[in-house]
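With the numbering used here, the residue at position 130 of the sequence shown is 902, and numbering never jumps.
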Amino acid sequence: MAFQPIYDAVEDRVWGYEALVRGLSGQGAFEVLSRVLPEQKYRFDQDCRIKAIELAARLFPADEELKLSINFMPNAVYEPAACLRATLLAAARCDFPLSSIMFEFTENEEVTDTGHLMNIITEYRRHGFTTAIDDFGAGHAGLGLLVQFQPDLIKIDMLLVRGVDASPARQAVVSGVVGIARELGITVLAEGIETEAEFLFLKGIGIRLFQGYWFAKPAFEELPEVRIGAVAADSATA
């Protein structure tokens, strides 16, 4: 697993880290996942969760409240309560608080049974996990998913934030999503930030959490050095 920080622009600190699957030779998530056969998805999903929790328990500073964000595949979860057993056991064994775990699922994996997805989210919340939609705005469900249920957090996809500072169309769409999320009480995270201009525009419309290469690239089985002080950069530019 590699870890990429999530930056809190209000408190100017690291809010948490996303655990990203990597091959032993540095292969990216897409290449690794493309080699996982359908009948292996459940076991793979379970092993990734356990590995992420074990590493986070070892790497996260004990005196900081940090979120560990773990991706999961809804289609690999056959029964929510049963599929959480290994996760709960790993957290207990590593003394890792359940309230520090965020589960995010991607819109890029089509979920045909939304009732099943809602059951997963309900079960996860029952245990105190934070829930999130990844790649929001670039997948199968989009706004329709928010009508059916509201996660704790949505991650606006990088396709919408790339060059947003110079694109009126992107600005309109992202501002609209931020407004909807505010009305629904959902936290917004902008992912894929690569420039200061993107960060400053998105911070200016009320987004608090950020992730992307401009802050830090993922680091393999360690916590990368993070660009802290971005709020100061904002003040200096204003």
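Built from N, CA and C at the ideal position, the CB exists for glycine as well.
Span of the alpha helix (DSSP H), counted from its first residue to its last, around residue i
i, result
"Ser841", "Premise fails: Ser841 lies in the beta strand (DSSP E), 839 to 843, not in any alpha helix (DSSP H)."
"Leu805", "801 to 806"
"Glu826", "813 to 831"
"Ala834", "Where Ala834 is concerned, there is no enclosing alpha helix (DSSP H), given that its DSSP letter is neither H nor E."
"Leu861", "857 to 865"
Residue interval of the beta strand (DSSP E) (run including residue i)
i, result
"Val849", "Looking at the DSSP string, Val849 is not in any beta strand (DSSP E), and its letter there is neither H nor E."
"Val786", "785 to 792"
"Ala774", "774 to 780"
Straight-line Cα distance separating residue j from residue i
i, j, result
"Ala781", "Phe982", "7 Å"
"Ala1005", "Phe908", "The predicted position of Ala1005 is uncertain, since its pLDDT is 43 and thus under 50; no value can be drawn from it."
"Ala944", "Ala862", "43 Å"
"Ala926", "Ile958", "Strictly speaking, residue 926 in this sequence is Ile, with Ala absent from that position. So the alpha carbons of these two residues sit roughly 7 Å apart."
"Leu739", "Arg785", "Only positions 773 to 1010 of the chain appear in this structure, which leaves residue 739 out of reach."
"Val849", "Leu889", "9 Å"
"Ala1044", "Ile1000", "A query on residue 1044 cannot be resolved here, the shown segment of the chain reaching from 773 to 1010 and no further."
"Ala801", "Cys820", "12 Å"
"Met874", "Ala828", "12 Å"
"Ile822", "Asp929", "26 Å"
"Thr1009", "Ala969", "Its pLDDT being 42, under 50, Thr1009 is placed unreliably in this model, and the value from its coordinates should be taken loosely. Approximately 10 Å between the Cα atoms of the pair."
"Leu860", "Ala988", "30 Å"
"Glu851", "Pro810", "16 Å"
"Gln920", "Asn891", "12 Å"
"Tyr779", "Gly788", "7 Å"
"Val950", "Ile979", "7 Å"
"Val960", "Ser797", "33 Å"
"Ala825", "Gly984", "Here residue 825 turns out to be Ile, not Ala, going by the sequence shown. Spanning the two alpha carbons is a distance of roughly 22 Å."
"Gln799", "Phe877", "21 Å"
"Leu915", "Lys975", "22 Å"
"Asp867", "Phe832", "12 Å"
"Pro869", "Glu837", "10 Å"
Whole-Å CB distance - residue i paired with residue j, under 8 Å assumed
i, j, result
"Val998", "Gly964", "With a Cβ gap of about 16 Å, Val998 and Gly964 do not count as contacting."
"Phe992", "Arg794", "6 Å"
"Leu918", "Leu956", "7 Å"
Exercise for the section: Count the CB pairs spanning the stretch 896 to 903 and the stretch 936 to 945 that are closer than 8 Å, and state whether there are at least three. Expected result: no
Exercise for the section: Would you check if the stretch 805 to 816 and the stretch 837 to 844 touch, i.e. whether three or more CB-CB distances between them fall below 8 Å? Expected result: no
Practice task
Starting from the N-terminal side, write out each stretch of the beta strand (DSSP E) that is 3 residues or longer and does not extend beyond the stretch 886 to 947.
Solution key: 902 to 908, 925 to 928
Handout entry: 4-residue-minimum alpha helix (DSSP H) runs that sit fully inside the stretch 957 to 1008, ordered along the chain
Key = 968 to 976
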